[in-house]
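**Q** In the numbering used here, the protein residues as written are 2 to 271.
Below is a structure I'd like to ask you about.
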């Protein structure tokens with residue numbers, strides 16, 4: 002049996018191979034997402050026209066679908082791209098931004114996960130849990146829920162039902178494949194004060210999944226841990242959002258084995 006690759010191993014593989022990450026993401030965060038992926042070592046592409054998404058997805062190491070600024074043509078393109086990614090066994094990461102805020106968003110996400118295979122669903126508690134409970138509402142892109150035991154059970158149920166990894170951001174991030182549950186304690190509150198860092202995490206999850214093969218649960222936890230520890234390193238440089246963002250990009254670029262050994266906080270909770 003091959004040895005499980007560590008967070009440092011996966012990061013080194015990203016930096017060595019520069020996997021192509023196809024992003025159909027929202028207009029607010031395109032630039033930030035591209036810079037975050039470049040800093041980690043991946044190769045970003047932003048392509049959302051229905052005329053090219055299938056071809057692009059078939060070339061990618063991972064597809065990241067982010068519903069932040071929806072429109073009917075984009076919803077169609079997301080489904081076409083996801084189906085194309087499924088044909089090549091390319092991992093599909095879904096960020097259901099604002100799901101639960103409107104019926105259109107919730108319906109679009111449910112249609113996508115029902116009509117294509119999604120590898121990872123990554124969002125906050127309200128966004129993810131709105132997929133199973135129509136009574137859960139989301140205020141903008143902010144979570145109105147905490148990760149209670151009931152939320153953990155619901156996340157496990159979603160993961161089991163769709164055969165995917167569910168990753169929920171919070172004070173202690175929750176990552177589950179329906180069986181195992183991992184918790185990540187890295188990160189700082191200031192990360193929520195910079196537009197696009199949550200969406201950037203979804204893209205980085207895509208980069209880690211692109212080099213991880215079938216071991217996606219641990220790859221997602223590795224992505225969360227590395228991303229969060231880079232936030233902790235950035236906070237040592239600046240405690241103000243504008244300069245924090247710059248320090249964060251620098252940390253994504255520079256951090257490696259030594260920082261992972263000291264800062265990574267990932268554990269299995271059952």
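Cβ atoms here follow ideal geometry from the backbone N, Cα and C, with glycine treated the same way.
1. Is the beta carbon of residue 59 sitting closer than 7 Å to the one on residue 85?
2. Take residue 214 as the anchor and find which of 62, 168, 245, 13 has the nearest alpha-carbon.
3. Check whether the region 114-134 touches the region 154-168, taking contact to mean three or more Cβ pairs, one atom from each stretch, closer than 8 Å.
4. Return the Cβ separation of residue 11 and residue 220 in integer angstroms, given the expectation that the two are a contact with Cβ distance under 8 Å.
5. Let me know the secondary structure DSSP gives residue 216 once reduced to three states.
6. Taking contact to mean at least 3 C-beta pairs separated by less than 8 Å, is the region 234-249 in contact with the region 99-113?
7. Anyone know if the C-beta pair for residue 78 and residue 51 falls short of 7 Å?
8. Return the CA-CA distance between residue 94 and residue 188, expressed in angstroms with no decimal places.
9. When we look at the beta-carbon of residue 128 and count the other beta-carbons within 10 Å, is it buried (16 or more) or exposed?
10. Quick one, are the C-beta atoms of residue 253 and residue 41 less than 7 Å apart?
11. DSSP three-state label for residue 183, please.
12. Can you name the start and end residues of the beta strand (DSSP E) that residue 67 belongs to?
13. Which whole-angstrom value describes the C-beta separation of residue 34 and residue 229, a residue pair presumed to lie in contact below a C-beta threshold of 8 Å?
14. Closer than 6 Å by C-beta to residue 224: which residues in its own chain qualify, once you throw out the five before and the five after it? Chain order, please.
15. If residue 25 sits next to residue 104, beta carbons under 8 Å apart, how far is it from one beta carbon to the other, in whole angstroms?
16. State the beta-bridge partners of residue 47 as determined by DSSP.
17. Report the option in 149, 196, 216 whose CA atom is closest to the CA atom of residue 181.
18. Express the C-alpha separation of residue 18 and residue 113 in angstroms, rounding to a whole number.
19. Unbroken alpha helix (DSSP H) runs of length 4 or more, entirely within the region 67-143: which are they?
20. Sort out for me which residues DSSP pairs residue 170 with in a bridge.
21. What span of residues does the beta strand (DSSP E) with residue 268 cover, start to end?
22. Where does residue 177 fall in DSSP's three states?
23. List the whole-angstrom C-beta distance separating residue 57 from residue 46, where the pair is believed to meet the contact cut-off of C-beta under 8 Å.
24. Let me know the secondary structure DSSP gives residue 157 once reduced to three states.
25. Taking the beta carbon of residue 263 as the centre, do at least 16 other beta carbons fall within 10 Å, making it buried, or is it exposed?
26. Within the continuous alpha helix (DSSP H) that includes residue 39, where are the two ends?
27. Along the chain, where does the alpha helix (DSSP H) containing residue 263 start, and where does it finish?
**A** Taking the coordinates as given:
1. Yes, they are a contact pair.
2. 62
3. At 8 Å Cβ cutoff, the stretches touch.
4. 6 Å
5. coil
6. no
7. yes
8. 21 Å
9. buried
10. yes
11. Three-state result, residue 183: strand.
12. 63-67
13. Rounded to the nearest angstrom, the Cβ distance from residue 34 to residue 229 is 17 Å, too far for a contact under 8 Å.
14. 205, 206, 209.
15. The Cβ separation is near 21 Å, so there is no contact.
16. 24
17. 216
18. 30 Å
19. Runs of the alpha helix (DSSP H) inside the region 67-143: 73-88, 104-116, 126-130.
20. Answer is 125.
21. 267-269
22. Under the three-state reduction of DSSP, residue 177 is assigned to strand.
23. 6 Å
24. helix
25. exposed
26. 31-41
27. 258-264
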